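Visitor: Dropping a structure here in C-alpha cells format, bear with me for questions.
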Amino acid sequence: MASPDQDIWVLAEHSDGIVQPVTYEILAFADKVARAINGDIVVLAAGHPARPAAEQIAAATGLDAIGLDTEEASFDCTETHRHLIRRLAGSHPPRLLFIPHTTMGWDLAPGLAVDLEASSLSAVCGFTGTSDLVFHRRILNGKLLQEVRPVKDRPAVVTVVPGAEGPFTATTTRPGSVKIYEGRSLPGRVKVLGYVDPPPGSVDLRDADVIIAAGRGVGDAENLKSIHELARLFRRAAVGASRPLCDAGVLPLACQIGMTGQTVSPKLYVALGISGALQHIMGMKNSDLVIAVNTDPNAAFFREAHYCVVADLHEFIPLLMEKILRFRGNPPE
Ligand SMILES: Cc1cc2nc3c(=O)[nH]c(=O)nc-3n(C[C@H](O)[C@H](O)[C@H](O)COP(=O)(O)OP(=O)(O)OC[C@H]3O[C@@H](n4cnc5c(N)ncnc54)[C@H](O)[C@@H]3O)c2cc1C
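Everything in the sequence shown is counted per our numbering, starting at 690 for the first residue and increasing by one.
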C-alpha cells in the first residue's frame, strides 16, 4: 500500500456504518495540534465496510479520509486494524497517530506503537508547545497532571481521552477526498464472535445533550422513577450514575460516569445526591452547565457546580419538573 505523506493520522471509531461522536472530539484535539505544528490531518476508518464511515467523515469535516477495509472474517478486530494501519504506514509512518482512548483504543495503541517503532502515550487530555510537543495526562486519580514528551524524530501513537475537546468544527463545506485500501491475507489470532446490544431505548451518555445523574443519595431503586421522568422532559437526555449505584446493580454499568466509567461533556449535567468525589468529577468536568442538588451544604460537588441547590432531591425533583412544565405552557394537572 502507498502511504500518504501526512503528519497526523486520526483513527475514527465507527460501527454499523455510523461514525461515533468520540471521533469528532478526537478530531478537534488533533486539529488543535495540527495548527500548533502546522501539520495536515488524514482520518482513517478501519473495519468493514470502511467506505460509509470514511465518506461521512470527509463530508462532515472537509478532511481527507482513508478507509481501510478487509472482508476477512476478523475484520472487526483491533488486531486486524493494527495490520491494516501498519501496512498503510509502510516506511512512511505519520508523525502522530491519534486514537480515541476507548476500549478499541486501549486494545490497539500499544501494539501499533511497537509495530511503528513509535512512542506510546496513553490517556492524553491536553498538550502544550509547537515543534516540541508536550502532552498532558491526568494521573493519581486526576490529582496530578503529568507532562510527557514523545521521543524526537519518531512517530508517536497517542490515545486521547473522550471529552478532552468538544466536537470538531468544520471550516469548509467542501468534502475531503476519500480513498479506500483493501487488505487481504491478514494474520489473526483473535476472532470477534459477536456483540450484545444495550437495553432498548437507552441513550448513549456520550451522545446526550442533557444528563440527569443519580448518586447514592437517591436511595432505593424505586426512587429512580422520578429521575427517569425528569430526564424524559428533555430531548437527547440520558440517565447517568455514580459508581455505587452501578456497583449495586441499581443502574447498568453503562450508566457509570467517572474515572472507571464514561467521560461525558453534555450541555447540562444535573447531579442528584452525588457527593462529588474526584473519581466522579473526572468523568463530567467538561460539562457546559452543572447543577448539583445535595442536602449537605459542604458537598464537594458544589465546588464544581454552576448552580448549587441545598435540598432533598426527592422534594426538589417534583418542584423542578413542575417549573419546567409551567415554563413550557404545559402545567401538571
Ligand atoms: C479507583 C477508583 C475508581 C472510581 N471510579 C469511580 C467512577 O468512575 N465513578 C464514580 O462515580 N465513582 C468512582 N469511584 C468511587 C468514588 O470515589 C465515590 O465513592 C463515589 O463517586 C461516591 O458516589 P456518590 O457520590 O453517589 O455516593 P456518596 O459519596 O455516598 O454520596 C451521596 C451524596 O448524596 C447526598 N444525599 C443523601 N441523601 C440525599 C437527598 N435525599 N437529597 C440530596 N442529596 C442527598 C449526600 O449528602 C452525599 O453527598 C471510584 C473510586 C476508586 C477508588
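Every residue, glycine too, gets a C-beta built ideally from N, C-alpha and C. What you are looking at is a predicted structure, and each value in this text was computed from that prediction instead of being measured.
Identify the continuous beta strand (DSSP E) that holds A960 and give its terminal residues.
Guide: The sequence position of residue 960 within the sequence shown is 271, counting from 1. First-last of the beta strand (DSSP E) with A960: 957 to 961.
Visitor: Can you give the beta carbon distance from G929 to A910, rounded, assuming they're within the 8 Å contact cut?
Guide: For the purposes of this step, residue 929 is taken as residue 240 along the sequence shown, with counting starting at 1. For the purposes of this step, residue 910 is taken as residue 221 along the sequence shown, with counting starting at 1. That pair is no contact at about 16 Å.
Visitor: To the nearest angstrom, how far is it from the Cα of S976 to the Cα of G779?
Guide: What you label residue 976 is simply residue 287 of the sequence shown in a count that begins at 1. What you label residue 779 is simply residue 90 of the sequence shown in a count that begins at 1. Cα-Cα distance, rounded: 40 Å.
Visitor: Only counting the same chain, and skipping five residues up and downstream in sequence, which positions put a Cβ closer than 7 Å to that of F990?
Guide: What you label residue 990 is simply residue 301 of the sequence shown in a count that begins at 1. Counting only Cβ-Cβ distances below 7 Å, and skipping sequence neighbours, we find A960, I963, S964, G965, A981, N983.
Visitor: Would you kindly work out how many angstroms separate the C-alpha atoms of G815 and R925, rounded to a whole number?
Guide: Within the sequence shown, the letter at position 126 stands for residue 815. Within the sequence shown, the letter at position 236 stands for residue 925. The alpha-carbon atoms of G815 and R925 are separated by roughly 28 Å.
Visitor: Provide the residue span of the alpha helix (DSSP H) that contains R775, from first to last.
Guide: Locating residue 775 in the sequence shown gives position 86, where the first residue counts as 1. It spans 767 to 778 - the alpha helix (DSSP H) in which R775 sits, taken as one unbroken run.
Visitor: Between I869 and G1018, how many whole angstroms is the CB-CB distance? I'm expecting something under 8 Å.
Guide: Here residue 869 refers to the residue found at position 180 of the sequence shown. Here residue 1018 refers to the residue found at position 329 of the sequence shown. That pair is no contact at about 52 Å.
Visitor: Distance check for D936 and L942, CA to CA, integer angstroms please.
Guide: Indexing the sequence shown from 1 puts residue 942 at position 253. Indexing the sequence shown from 1 puts residue 936 at position 247. Roughly 7 Å between the two C-alpha positions.
Visitor: Using the C-alpha atoms, what's the distance from A739 back to P851?
Guide: Stepping through the sequence shown from its first residue, residue 851 is reached at position 162. Stepping through the sequence shown from its first residue, residue 739 is reached at position 50. Distance between the alpha carbons of P851 and A739 is about 22 Å.
Visitor: So which of A723, Q745, F718 has the shortest CA-CA distance to Q709?
Guide: Here residue 709 refers to the residue found at position 20 of the sequence shown. When only C-alpha atoms are compared, the closest one is Q745.
Visitor: Near ligand 1, which residues have their beta-carbon closer than 5 Å to a heavy atom?
Guide: G904, R905, G906, S931, R932, P933, G947, M948, T949, G950, G962, I963, S964, A966, Q968, H969, N983, T984, D985, A988, D1001, L1002
Visitor: Quick check on DSSP: helix, strand or coil for R826?
Guide: Against the sequence shown, residue 826 aligns to sequence position 137. Reduced to three states, the DSSP call for R826 is strand.
Visitor: H781: which of E702, H790, A807 sits nearest, CA to CA?
Guide: On the sequence shown, position 92 is the one that residue 781 refers to. Nearest C-alpha to H781: A807.
Visitor: Does the stretch 721 to 734 come close enough to the stretch 792 to 812 that 3 or more CB-CB pairs lie under 8 Å?
Guide: no
Visitor: Quick check: the Cα distance between M690 and T860, rounded to an integer number of angstroms?
Guide: Taking the first residue of the sequence shown as position 1, residue 690 is located at position 1. Taking the first residue of the sequence shown as position 1, residue 860 is located at position 171. At M690, the pLDDT of 38 sits below 50, so the modelled position is not reliable; the number obtained from the coordinates is stated separately. Whole-angstrom Cα-Cα distance: 30 Å.
Visitor: Would you identify the three-state DSSP class for H969, choosing helix, strand or coil?
Guide: Indexing the sequence shown from 1 puts residue 969 at position 280. Note: H969 maps to helix in three-state DSSP.
Visitor: Can you tell me where the beta strand (DSSP E) with G794 in it begins and where it stops?
Guide: The residue given as residue 794 occupies position 105 in the sequence shown. Taken as a continuous stretch (DSSP letters only), G794 belongs to no beta strand (DSSP E), being part of the alpha helix (DSSP H) at 792 to 804.
Visitor: Whose CA, out of G818, D842, H825, M948, lies closest to the CA of L834?
Guide: As a position in the sequence shown, residue 834 is number 145, starting the count at 1. That would be H825, whose Cα lies nearest to the Cα of L834.
Visitor: When the Cα atoms are used, what is the spatial distance from V881 to G872?
Guide: Taking the first residue of the sequence shown as position 1, residue 881 is located at position 192. Taking the first residue of the sequence shown as position 1, residue 872 is located at position 183. Whole-angstrom Cα-Cα distance: 18 Å.
Visitor: Can you have a look at G855 and say buried or exposed, based on whether 16 or more other CB atoms are within 10 angstroms of its CB?
Guide: Sequence index remark: in the sequence shown, residue 855 carries index 166 (1-based). G855 counts as exposed, since fewer than 16 other beta carbons sit within 10 angstroms of its beta carbon.
Visitor: With a threshold of 16 other CB atoms inside 10 Å of the CB of Y996, please say whether the residue is buried or exposed.
Guide: Indexing the sequence shown from 1 puts residue 996 at position 307. It counts as exposed.
Visitor: Closer than 8 Å by C-beta to L919: which residues in its own chain qualify, once you throw out the five before and the five after it? Chain order, please.
Guide: Taking the sequence shown and counting its residues from 1, the one referred to as residue 919 is at position 230. Result list for L919: I901, V959, I1006, L1009, M1010, in chain order.
Visitor: Buried or exposed: T848, going by 16 or more other Cβ atoms within 10 Å of its Cβ?
Guide: The residue labelled residue 848 in the question sits at position 159 within the sequence shown. Buried.
Visitor: Just the Cα atoms here: how many angstroms apart are R827 and A812?
Guide: Within the sequence shown, numbered from 1, the residue matching residue 827 stands at position 138. Within the sequence shown, numbered from 1, the residue matching residue 812 stands at position 123. For R827 and A812, the distance between alpha carbons rounds to 8 Å.
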